[in-house]
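Following: one structure in structure tokens, then a few remarks.
In the working numbering, the protein residues as written are 120 to 272.
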């Protein structure tokens, strides 16, 4: 496996569905307790956003480490970097110069947000879903542009 990112797992695990589900699940439990929906009610319950974000990061880390463990357990070699084809069955890992040969090669390019031409991502006022999962504070207002699965989530 050739992977450009340091952590394994792809977009869903690292910056998509897994971290967003960790945040949603936790905030849902908080809501249920605040409203007394699960047989318990706590007055003055507050969200500790830095702790919530740390929990999200811990969930992601546990999952990426799980993939690393499975790679090792199953004898799957991992090469960090990007690759280009040398032939039908051979690729070159650009960063290391290593040549890899295989009978079958699967190309999994992942995904990236589509940024409208009129928007410039600055990491503060205009962000992608990746930055939105790590806001240091909950915004009072937020506009989501895009109706794909990530935007809806």
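Idealized CB from N, CA, C, for every residue including glycine.
Nearest-angstrom beta carbon gap, residue 203 and residue 213 [assumed within contact, 8 Å]: In this structure residue 213 is in contact with residue 203, their Cβ atoms being roughly 6 Å apart against a cut-off of 8 Å.
Where residue 257 sits in the DSSP three-state scheme: Residue state, collapsed to three classes: coil.
Through-space distance from residue 139 to residue 193, alpha-carbon basis: A straight-line Cα-Cα distance of about 29 Å links residue 193 and residue 139.
Where residue 197 falls: helix, strand or coil (DSSP): In this structure, residue 197 counts as coil in the three-state DSSP scheme.
Assigned exposure category for residue 175 - 16 Cβ within 10 Å defines buried: Buried.
Alpha helix (DSSP H) segment containing residue 133, residue limits: Per DSSP, residue 133 belongs to the alpha helix (DSSP H) from 129-134.
For residue 218, the first and last residue of its enclosing beta strand (DSSP E): Going by DSSP, residue 218 is part of the beta strand (DSSP E) stretching over 218-220.
Helix, strand or coil at residue 210 [DSSP, three-state]: Three-state result, residue 210: strand.
Under the three-state DSSP convention, the category residue 144 falls into: Looking at residue 144 - three-state DSSP - the assignment turns out to be helix.
Where the alpha helix (DSSP H) containing residue 180 begins and where it ends: Boundaries of the alpha helix (DSSP H) harbouring residue 180: 168-192, taken from the DSSP string.
Proximity below 7 Å, CB of residue 190 to CB of residue 197: Yes. Within cutoff.
Unbroken alpha helix (DSSP H) run spanning residue 250, endpoints: Under the DSSP assignment, residue 250 falls in the alpha helix (DSSP H) whose first and last residues are 248-251.
Option nearest residue 184 by Cα separation, candidates 126, 249, 142 and 255: Comparing C-alpha distances from residue 184 to each of 126, 249, 142 and 255 shows the shortest one belongs to 126.
Residue 182 and residue 137 closer than 7 Å at C-beta: Closer than 7 Å, so yes.
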